[in-house]
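S.K.: Numbering (my numbering), first residue to last: 1 to 75. One structure, pasted below without further comment.
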């Protein structure tokens with residue numbers, strides 16, 4: 001399994017977590033619990049953004065370093 005595939009799986013998990021927190025926030029009346037869920041949701045969102053950026057970087061082609069140091073031998 002490629003690194004990008006693993007990151008995509010983690011991304012889907014994080015998105016599911018964020019949706020869970022959003023859905024539960026609608027029904028929570030206790031302000032302290034509501035604050036906790038909001039913070040957890042926001043943490044998930046920050047992690048989602050970082051994962052999306054990393055996936056985007058991995059999928060960007062061509063890699064500059066691969067132009068300088070090609071991995072395949074030309075001979």
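Heads up, the beta-carbon is just placed ideally off N, CA and C, and yes, glycines get one too. Keep in mind it's a predicted model, so treat the numbers as computed, not measured.
In the DSSP assignment, the alpha helix (DSSP H) including residue 22 goes from what residue to what residue?
M.R.: Here the alpha helix (DSSP H) through residue 22 covers 3-25.
S.K.: Mapping DSSP to helix, strand and coil, what is residue 61?
M.R.: Coil.
S.K.: Is DSSP giving residue 48 helix, strand or coil here?
M.R.: DSSP places residue 48 in helix when its eight states are reduced to three.
S.K.: How would you label residue 44, buried or exposed, when you count the other beta carbons within 10 angstroms and need 16 or more for buried?
M.R.: When all chains shown are included, residue 44 counts as buried.
S.K.: Residue 46 and residue 21 look like a contact to me (Cβ under 8 Å); what is the Cβ gap, rounded to whole Å?
M.R.: The pair is not a contact, with the Cβ atoms about 13 Å apart (cut-off 8 Å).
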